[in-house]
Every structure is written in C-alpha cells, then in structure tokens.
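2 protein chains.
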Amino acid sequence: MTTHTLRYYERVGLIQPVGRARNGHRRYSEADEAWLNFLHCMRATNMPIREMQRYAELRELGDSTSLERRKILEDHQAAIAGQITELQKAHALLTHKIANYKKIEQRIRIGGPQTAEPEVDCTLASAS
Amino acid sequence: MTTHTLRYYERVGLIQPVGRARNGHRRYSEADEAWLNFLHCMRATNMPIREMQRYAELRELGDSTSLERRKILEDHQAAIAGQITELQKAHALLTHKIANYKKIEQRIRIGGPQTAEPEVDCTLASAS
DNA sequence: CTACATCTTTGAGCGCGCTCAAAGTCAAGG
DNA sequence: CCTTGACTTTGAGCGCGCTCAAAGATGTAG
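Chain order of the listed sequences is A and B. Per our numbering, residue 33 is the first one in the first sequence, and the count goes up by one each step. Per our numbering, residue 33 is the first one in the second sequence, and the count goes up by one each step.
Spelled out as structure tokens, the structure:
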C-alpha cells in the first residue's frame, strides 16, 4: 500500500484522520493498521470503494449498526464464493487448453500430420 | 456481453472482422462464439486486454506460436491460482468477522455487558 | 407509403481506483 | 548555514475497460 493510496483512503473517508507526531507526520496505531489490513483485504477481493465507504461509515456509528454491517460482509462473502467458482472453472479450462497445446507441440516436433484434430477454442461447456 | 463490447473487441483486434449477412449485419459463427466465450472467460478472471491482444495475435499466426501461447495460458493459470488463494483467505476472514457480529447482536438483544470483548478488526494473521 | 426497430459507423465520454506533480514545511547531518 | 530527505497539502491526470451518442442504412409490419 503506497502513501498515495493511504492519502486517498483518508480523503474519501475510508480512514479517519489519524494521529500525528509533533512534526505533523502521521503515526498509524496498531488499530489503524488492522483496519487498513482489513480494507486491503476487501479491496483485494474486489469490494468497490463505495461499499467500503458505506461500511466505514456504519462502523463510525458503533455497535448499533452491527446488523447492517454484517449484511454487507455476508453479501461480499457470497460475491467471493462466486468469484472462486468462476476462477476454478477458468482454471480447469486452462488445464485442458494447455494440454492441447502440448499435443500440438508434440505433433510439430515429430513432424506428424498437421491437419488432424485442429485446435479448438474449447468452451466451459465442452472443454475438450 | 453487449454489442458495445463486441464492437470494442473488434476494434482492438481481439476478434477478426466477422462474417456479414447480405444487409451488412454481423453473423457470428460457432467458431466465433467459442472464441468469444474463451475471451469472456479470460476477462472474467482478470486477464488484461493487452495480454488477450497478444494471445489473439499469436493465434492468427498459427500452430508455430503454440509454445508462446501456452506460456501465456500457464502464466494466467498461475495468476488464477493466486487469486483463488486470496479469495479463500478473505472468505475465511469474513466467516470470523460475521461470527463476531452475531455475538455483538446477541449481546445487544440480551442487554448484556456492552464493554466486554470490544470489536476487533481481525487481520488475516490473527483472525480471531 | 409510413413507421419502427435494428443494425451500421465514428468518435467522444465516463467511472473506478489510484497516481502523480508542485510547492511548502520541518528535522537531522555535515 | 546549507543541503538532503521525508513528510505535508491540494488538485490535476491517467490507464483500463468499457459505454454511449449521433447520424445513417436497411428490413419488417401495418
């Protein structure tokens, strides 16, 4: 996380004005770091800034917002589950395509028939 | 996939000029659809357009580019694996945080002690 | 014949999430 | 005293991946 990003997060309200040293420099407490870590983790899993802003806002309001905050996290967790599924599908598809390329390379090396089993853009459905 | 996106992909060379009906309208063949499906799958897993362009370019050049194309796919597959790991970590973290929220809500309902076990921004390391 | 919908083209615009530039302040080292 | 360097501020700029607007051609229904 760059200083630029930290400033940006501060500007858009993701983090509250943080403590300063005597010279005016920012000093991040451990609590700040934990919160930043959490933010980073959410961003890394594609939570939009707007949603993080909403969450941060509720957090400022205290425990009474627990339910709403929990809903946000549950929704995001579901989104993550969906992403994992997508990624796993793609991963499997790539395994097939890579194997196919290995076959092609084999054919080229042995100077075999160049026309048999042409390359196919296998879809997820028919991942041959 | 919107028509806008299809046009865009054509413009940037991800798909070759496609067949037309007599009136000039585009007609996508099954091969076209398979390729688009593949592109969609790669985009959905965060392959940058530039990399897809590179791949498409190599594809136009035929089997002799097999090795390089395979490398691209292998790299992307590794990237996907990394993403899955990240997502799984976040998923686990959220499970903990959600459980914590449920506890808080419980405390609120029974009017219990409001100060015990304050909320914590659990990190990945210490996901309590 | 007249609407209306659906495609075509080109080029511009936009939302997101940073990322950087410019100018200034302060603290320590030589 | 002077330089170096790390921070500060504000506001502008950018790369990505679409997304849309405007104007025009063509086909189908009433």
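Even glycine gets a Cβ: it sits at the ideal position worked out from N, Cα and C.
Does A:D95 come within less than 8 Å of chain B when only Cβ atoms are used?
yes
For A:A111 and B:E118, believed in contact at Cβ under 8 Å, the rounded distance
Between A:A111 and B:E118 the Cβ distance is about 13 Å, and since that is not below 8 Å, they are no contact.
Rounded straight-line distance, which links the Cα of A:G114 to that of B:L93
Between B:L93 and A:G114, the C-alpha separation is close to 35 Å.
Could you tell me whether any non-hydrogen atom of the ligand GDP is closer than 7 Å to the CB of A:N69?
Because no ligand of any kind appears in the structure shown, any question about the ligand GDP cannot be addressed here.
For B:E106, return the contacting residues in chain A, with the cut-off set at a CB-CB distance below 7 Å.
B:E106 reaches chain A at I130, counting residues in chain order whose Cβ is nearer than 7 Å.
Alpha helix (DSSP H) containing B:Y60: first to last residue?
Element bounds for B:Y60: n/a, residue is neither H nor E.
Sequence-distant residues of its chain with Cβ nearer than 7 Å to B:Q138 (five each side left out):
Excluding sequence neighbours, B:Q138 sits near nothing in its chain.
Determine the direct distance from the alpha carbon of B:K129 to that of B:R39, and round the result to whole angstroms.
Straight across, the Cα-Cα distance linking B:R39 with B:K129 is about 43 Å.
To the nearest angstrom, how far is it from the Cα of A:M74 to the Cα of B:L105?
Taking the straight line from one Cα to the other gives about 27 Å.
Distance, Cα to Cα, A:G143 vs A:T35?
56 Å
DSSP three-state assignment for B:S158, whether helix, strand or coil
With a pLDDT of only 38 at B:S158, under the threshold of 50, the placement of this residue in the model should not be trusted; the figure read from the coordinates follows. B:S158 falls in the coil class under three-state DSSP.
Where A:R54 sits in the DSSP three-state scheme:
Correct three-state label for A:R54: coil.
Alpha carbon to alpha carbon, what distance is there between A:P80 and A:P49?
The straight-line gap from Cα to Cα measures roughly 21 Å.
For A:G51 and A:S61, what's the separation of their Cα atoms in angstroms?
Distance between A:G51 and A:S61, taken at the CA atoms: about 8 Å.
Can you tell me the Cα-Cα spacing of A:R86 and A:R102, whole angstroms?
Their Cα atoms are separated by approximately 12 Å.
Whole-angstrom Cβ separation of A:I116 and B:Q120, contact assumed at under 8 Å?
7 Å
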